[in-house]
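**Student:** Numbering that gives the first Met the number 0 applies: residue 0 is where the sequence shown begins, and numbers increase by one.
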Amino acid sequence: MINQHQCQGSMGSTSNDLSTAIQEMLETVAQNDELKRGLRMATTAAAVSEVAALAGFEIAPAALVKHYAQRLLDAPDATAVHNFDLCSWDAGELLWAMNNWSVQD
Numbered sequence: 000m001i002n003q004h005q006c007q008g009s010m011g012s013t014s015n016d017l018s019t020a021i022q023e024m025l026e027t028v029a030q031n032d033e034l035k036r037g038l039r040m041a042t043t044a045a046a047v048s049e050v051a052a053l054a055g056f057e058i059a060p061a062a063l064v065k066h067y068a069q070r071l072l073d074a075p076d077a078t079a080v081h082n083f084d085l086c087s088w089d090a091g092e093l094l095w096a097m098n099n100w101s102v103q104d
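1. Taking the alpha-carbon positions, what's the M97 to V28 distance?
2. Considering only the alpha carbon of each residue, which of A44, A68, G37 and L17 lies closest to P60?
3. What residue does the alpha helix (DSSP H) around Q69 start on, and which one ends it?
4. Identify which residue in H81, V50 and V80 has its Cα closest to the Cα of R36.
5. Short check: CB of A54 to CB of L34, under 9 Å?
6. Looking only at its own chain, which residues have a Cβ that is under 7 Å from the Cβ of A74, when we skip the five neighbours before and after it?
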């Protein structure tokens, strides 16, 4: 049976918990072809969270995005660039996304 894990809190206190939950979720997903397919097809944070829920992990979309962003910010420059590049976005997608990002006033 899969244990239910919740990760929705603030970044400071839950960063390690979230890292652990993400790692455990990925290990669980790796053992199930349907979940692997769902994760490969996920194109939004909400879709990743849905797959996580099917695997028994409650990971809020915002917590997932902020965790990833914080890890980029905390990394040395070369590592941040390398990890960002792993996303495999083409320049057009990236520029479109950045141009359409919401900003808080």
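Every residue, glycine too, gets a C-beta built ideally from N, C-alpha and C.
**Tutor:** Reading off the structure:
1. For the purposes of this step, residue 97 is taken as residue 98 along the sequence shown, with counting starting at 1. For the purposes of this step, residue 28 is taken as residue 29 along the sequence shown, with counting starting at 1. Their Cα atoms are separated by approximately 30 Å.
2. As a first step, residue 60 is located in the sequence shown; it is residue number 61 there, counting from the start. Selected option, being the one with the closest Cα: A44.
3. For the purposes of this step, residue 69 is taken as residue 70 along the sequence shown, with counting starting at 1. Here the alpha helix (DSSP H) through Q69 covers P60 to D73.
4. Here residue 36 corresponds to residue number 37 of the sequence shown, with the count starting at 1. Considering only alpha carbons, the answer is V50.
5. Against the sequence shown, residue 54 aligns to sequence position 55. Against the sequence shown, residue 34 aligns to sequence position 35. Yes, they are a contact pair.
6. Here residue 74 refers to the residue found at position 75 when the sequence shown is read from its first residue. Within the same chain, A74 has close Cβ partners N82.
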